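Visitor: Just so we're aligned: 100 in numbering that gives the first Met the number 0 is position 101 of the sequence shown, and the numbers increase by one with no gaps anywhere.
Glycine included, every Cβ here is placed at the ideal spot set by N, Cα and C.
From a predicted model like this one, the values you see are computed outputs, not experimental measurements.
Let me give you the structure first, and then I'll get to my questions.
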Amino acid sequence: MPLIVTNKNKCNLSYTCIRVCPAKAIKIKDDFANIIKSRCIGCGNCVAVCAQNAIEYRSSEDLVKQLLADTEPVVAICDPSISGEFDDILDFRNFVGMIRALGFDYVVEAAFGADLVAYRYKELFKNFHGKYYISTKCPALVNNIEYFHPGLVDNLAPIVPPGIAMAKVVRKKYGKNVKIVSLSPCVASKDDVKAFNGTDGSVHAVLSFAELRKLFTEYGVSENSVEFSEFDPPFARLGGLFPISHGLFQAADIDISMLNGGIISTEGRNNFLRSINEFKTQHDLYQHLDLFYCEGCIMGPGTSPGGRKFSRRSKVIRYVRKRLKTLDEIKWQKEIDEYSDLDLTRGFKSKGRELPVPTEEEILEVLVEMGKGKIEDQLGCGSCGYESCREFAIAKCQGLANYEMCSSFTIKNMNSYIKELGNTNAQLTKTKAALKESERIANEERIIAQEASETVSAMLQKLPSGVVIVDERLKVIESNKTFVDLLGEETRMLNEIIPGLVDADLTKLISFHKFFSTVILNGEDILNKDVHFGNRLFNVSVFTIKKNKIVGGIIRDLYAPEVRREEVIGRARAVIKENLQTVQQIAFLLGESASKTEKLLSSIIKSHASGEEGKGE
């Protein structure tokens, strides 16, 4: 599992983590901050600054509980900064008792390992022969040099961190088979200890102070629930000052004065990065570098959030001062001599994680795209996480950044979008007004069409001839009362249930339905066909209203009393003249054109006229 991961559901893309990452190990992808495992130096800054707690480091709680449940003895090595973290515990002996209550067999101080390491640095700096070194007590620093400054790898002090030195002491004193858990404020050490697997300095797990607090809560361990208990030997002298800047060298009485000392000590992200760059590029420093990435180990990312640096610093100093009052200096020196033969050396190698450097043309292309083509526009506001627009452009070329991270670019695009949105809203307002007007007109036309439909339907009901309109399936769309009466009593009963016989099957109503299907298929009208229906003789005319879709039929009973020709012709012509516009509107609703409607009425007139002429003869 990666050392540091992001919970994408919590990430709000504040870019705070990018601003504090010294390794360009974070990129925005899929709408959340992704940690690039191959570039992460484990400093844990991103964990500490994320207000949403979206970035987390790998938990060691389950591994530690498993170690405590096994049969082998388990040793807890406490980092000296632990006295600054657990300021809520009044007596350190209670604190040691709480650690034992979790199941640890031995509880020792890493400070004695710091004492040993301090003397190795004193020897190294005394016999450096013009080669200046960078201290290697900080795992994040080691990773940074190995990953990104291959030219400085040989300048790394070949000395193990204090915690590893103490692990070697523990194995020599308490046996080779003990399991070791480091209680540390450092997140990077969770991976750094892997470099010592299989050696006498191996550490099985690194438990952060925050994780240790969780275990106390889970196991119900408190200061009031345990008895006093002392650390297991060997005891430290000044190594307890190790987590504070200059502290390690004071443990070995190394001269750190400005005039005579040959060491530059500093801490914190900005000083860390600048000092490395100057050590790399400026050849007139003539001093060793003693660096902490954090503001000292007392402010490591594994500590509880909200801690105050100087308060913690003073608590560490007070604790060391208190311990010195009861320290047996002679015994301490004997133990230092006893473990002086331990191998506290380590090696380093370049791991080559440097990114390709983009060309000036590529950088300029990104800057122009951002609207930062001019030098004066490239100072940058830092909101993207990079110190300047140029740095951002380089990161963009390297695939670590995207344009949305640039606030000015985003605001510019947002303003363009707002302007475009305003134009769209104005257009929508006009469209809305036009739609309302169209709706008004449509409602008026619907009312007119409904009135016209009612008028035509009423007119059809008054015609003395039977009229029926059907669709391509020969389903009745509309029919008049005369048509119903012509078909007999059963059809009249059906009409009472389904007025107008709407959707009735014409093939079930009449025997001459083929006239209708023929006209639907070929579109040619059939006029004045005489057919027998029961004991009656009908004159049938079928014509197209909507080609291949809707046809109409006029059926006259040739045995019925006859209507005077002039009256039928006159009434039909009057209807045509007075209601032509209305009929056209209704014809649209019924799927017929105004001309077809006129044809329907003209056919009625012609049919009646023919009947009158036949009678006259």
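Nearest to LEU366 by alpha carbon, out of LYS348, LEU341, CYS405 and LYS333?
Guide: Taking the sequence shown and counting its residues from 1, the one referred to as residue 366 is at position 367. When each option's Cα is compared against that of LEU366, the closest is CYS405.
Visitor: For a test of the three-state rule: what should DSSP assign to PHE309, helix, strand or coil?
Guide: Residue mapping note: residue 309 aligns to position 310 of the sequence shown, counting from 1. Residue state, collapsed to three classes: helix.
Visitor: Do PHE208 and TYR120 have their C-beta atoms within less than 8 Å of each other?
Guide: Taking the first residue of the sequence shown as position 1, residue 208 is located at position 209. Taking the first residue of the sequence shown as position 1, residue 120 is located at position 121. Not closer than 8 Å, so no.
Visitor: Helix, strand or coil: which one does DSSP assign to ARG352?
Guide: Stepping through the sequence shown from its first residue, residue 352 is reached at position 353. It is coil, neither helix nor strand.
Visitor: On the DSSP letters alone, give me the boundaries of the alpha helix (DSSP H) that GLU523 sits inside.
Guide: The sequence position of residue 523 within the sequence shown is 524, counting from 1. First-last for GLU523: undefined, no H or E at that position.
Visitor: Touching or not, the segment 214 to 227 and the segment 180 to 197, by the rule of three or more beta carbon pairs under 8 Å?
Guide: Cβ pair count under 8 Å is below three, so no.
Visitor: Give the straight-line distance between the Cα atoms of PHE532 and GLU436, rounded to the nearest whole angstrom.
Guide: Counting from one through the sequence shown, the residue named residue 532 turns up at place 533. Counting from one through the sequence shown, the residue named residue 436 turns up at place 437. The straight-line gap from Cα to Cα measures roughly 53 Å.
Visitor: For the alpha helix (DSSP H) containing THR216, name the first residue and the last one.
Guide: For this step, residue 216 is matched to residue 217 along the sequence shown. Its alpha helix (DSSP H) spans residues 208 to 218.
Visitor: Ignoring anything shorter than 3 residues or poking outside the segment 109 to 185, list the beta strand (DSSP E) runs there in chain order.
Guide: Listed in chain order, the complete beta strand (DSSP E) runs (minimum 3 residues) inside the segment 109 to 185 are 178 to 183.
Visitor: Report yes or no: do the segment 159 to 169 and the segment 109 to 125 share at least 3 C-beta pairs separated by less than 8 Å?
Guide: Touching, yes, given that three or more Cβ pairs across the two stretches are closer than 8 Å.
Visitor: Using the C-alpha atoms, what's the distance from LYS429 back to MET413?
Guide: Start at 1 with the first residue of the sequence shown, and residue 413 comes out as number 414. Start at 1 with the first residue of the sequence shown, and residue 429 comes out as number 430. One C-alpha to the other measures close to 24 Å.
Visitor: Which of the three DSSP states is assigned to SER478 in this structure?
Guide: Within the sequence shown, residue 478 is the residue found at index 479, counting from 1. Three-state DSSP puts SER478 in a strand.
Visitor: Flag this pair as touching only if the segment 168 to 182 and the segment 71 to 80 have three or more C-beta atom pairs under 8 Å; answer yes or no.
Guide: The segment 168 to 182, when compared against the segment 71 to 80, does touch it at the 8 Å Cβ threshold.
Visitor: If you drop the 5 nearest sequence neighbours on each side, which residues of the same chain put their C-beta closer than 6 Å to that of LYS9?
Guide: Stepping through the sequence shown from its first residue, residue 9 is reached at position 10. Closer than 6 Å at Cβ, skipping near neighbours: GLN51 and ALA53.
Visitor: For the 8 Å Cβ check, are there 3 or more pairs between the segment 313 to 331 and the segment 227 to 235?
Guide: In short, these stretches touch, since the Cβ pair count reaches three.
Visitor: Does LEU500 come out as helix, strand or coil in the three-state DSSP assignment?
Guide: For the purposes of this step, residue 500 is taken as residue 501 along the sequence shown, with counting starting at 1. Three-state DSSP puts LEU500 in a helix.
Visitor: Could you tell me whether the Cβ atoms of VAL152 and LYS348 are closer together than 8 Å?
Guide: Taking the sequence shown and counting its residues from 1, the one referred to as residue 152 is at position 153. Taking the sequence shown and counting its residues from 1, the one referred to as residue 348 is at position 349. Taking 8 Å as the Cβ cut-off, VAL152 and LYS348 qualify as a contacting pair.
Visitor: Helix or strand or just coil, what does DSSP make of LYS548?
Guide: Position 549 of the sequence shown holds residue 548. Coil.
Visitor: Can you check whether the CB of ASP231 is closer than 8 Å to the CB of ASP107?
Guide: Residue numbering aside, residue 107 sits at position 108 when the sequence shown is read from its first letter. Residue numbering aside, residue 231 sits at position 232 when the sequence shown is read from its first letter. As written in the sequence, residue 107 is Val, which differs from the Asp given in the question. In this structure, ASP231 lies closer than 8 Å to VAL107 by Cβ.
Visitor: Could you check which residue in LEU155, ASN196 and GLU145 has the C-alpha nearest to that of LYS167?
Guide: As a first step, residue 167 is located in the sequence shown; it is residue number 168 there, counting from the start. Out of LEU155, ASN196 and GLU145, ASN196 has the C-alpha closest to the C-alpha of LYS167.
Visitor: Taking the CB atoms as reference points, tell me whether ASN143 and PHE227 lie closer together than 8 Å.
Guide: For the purposes of this step, residue 143 is identified with residue 144 of the sequence shown, where counting begins at 1. For the purposes of this step, residue 227 is identified with residue 228 of the sequence shown, where counting begins at 1. No.
Visitor: If you count every other CB in all the chains shown that lies within 10 Å of the CB of TYR285, and 16 or more means buried, which is it?
Guide: As a position in the sequence shown, residue 285 is number 286, starting the count at 1. Exposed is the call here.
Visitor: Should SER290 and LYS26 be called a contact, given that it needs their Cβ atoms to be closer than 8 Å?
Guide: For the purposes of this step, residue 290 is taken as the residue at position 291 of the sequence shown. For the purposes of this step, residue 26 is taken as the residue at position 27 of the sequence shown. Contrary to the premise, residue 290 reads as Leu rather than Ser in this sequence. No, the Cβ-Cβ distance between LEU290 and LYS26 is not below 8 Å.
Visitor: Hey, how far is the Cα of GLY372 from the Cα of GLU359?
Guide: In the sequence shown, counting from the first residue as 1, residue 372 sits at position 373. In the sequence shown, counting from the first residue as 1, residue 359 sits at position 360. Spanning the two alpha carbons is a distance of roughly 12 Å.
Visitor: Taking the CB atoms as reference points, tell me whether LEU508 and LEU536 lie closer together than 8 Å.
Guide: Taking the sequence shown and counting its residues from 1, one reaches residue 508 at position 509. Taking the sequence shown and counting its residues from 1, one reaches residue 536 at position 537. No, the Cβ-Cβ distance between LEU508 and LEU536 is not below 8 Å.
Visitor: For LYS373, name the three-state secondary structure that DSSP assigns.
Guide: Residue 373 sits at position 374 when you count from the first residue of the sequence shown. Note: LYS373 maps to coil in three-state DSSP.
Visitor: With a CB to CB cut of under 7 Å and the five nearest residues on each side skipped, what residues in its chain are close to TYR118?
Guide: As a position in the sequence shown, residue 118 is number 119, starting the count at 1. The residues are ALA251.
Visitor: For CYS672 and ARG352, what's the separation of their Cα atoms in angstroms?
Guide: The question about residue 672 has no answer, for the chain in this structure spans 0 to 616.
Visitor: To the nearest angstrom, how far is it from the Cα of ARG563 to the Cα of ILE446?
Guide: On the sequence shown, position 564 is the one that residue 563 refers to. On the sequence shown, position 447 is the one that residue 446 refers to. Because ARG563 carries a pLDDT of 43, less than 50, the predicted location of this residue cannot be relied on, and no value is offered for it.
Visitor: For the alpha helix (DSSP H) holding GLY301, just list the boundary residues, first then last.
Guide: Position 302 of the sequence shown, counted from the start, is the residue given in the question as residue 301. No alpha helix (DSSP H) contains GLY301, which DSSP labels as neither H nor E.
Visitor: Find out if the Cβ-Cβ distance for the pair ALA204, SER303 is shorter than 8 Å.
Guide: Position 205 of the sequence shown, counted from the start, is the residue given in the question as residue 204. Position 304 of the sequence shown, counted from the start, is the residue given in the question as residue 303. Not a contact, by the Cβ cut-off of 8 Å.
Visitor: Of the choices GLN426, GLY551, LYS545 and GLY370, whose alpha-carbon is the least far from that of PHE514?
Guide: Here residue 514 refers to the residue found at position 515 of the sequence shown. Checking every option, the nearest Cα to that of PHE514 belongs to GLY551.
Visitor: Given TRP331, which residues of its chain have a CB within under 6 Å of its CB, disregarding the five upstream and five downstream residues?
Guide: Mapped onto the sequence shown, residue 331 falls at position 332. Cβ neighbours of TRP331 beyond the five flanking positions: ARG236.
Visitor: Round the Cβ separation of PHE482 and VAL466 to the nearest angstrom and send it over; I've been treating them as touching at under 8 Å.
Guide: Taking the first residue of the sequence shown as position 1, residue 482 is located at position 483. Taking the first residue of the sequence shown as position 1, residue 466 is located at position 467. Confirmed, about 6 Å.
Visitor: Do you know offhand how far ASN6's Cα is from MET369's?
Guide: On the sequence shown, residue 6 is found 7 positions in, with the first residue counted as 1. On the sequence shown, residue 369 is found 370 positions in, with the first residue counted as 1. If I take the Cα positions, the gap works out to 30 Å.
Visitor: From TYR338 to GLY83, what distance separates their C-alpha atoms?
Guide: Mapped onto the sequence shown, residue 338 falls at position 339. Mapped onto the sequence shown, residue 83 falls at position 84. One C-alpha to the other measures close to 28 Å.
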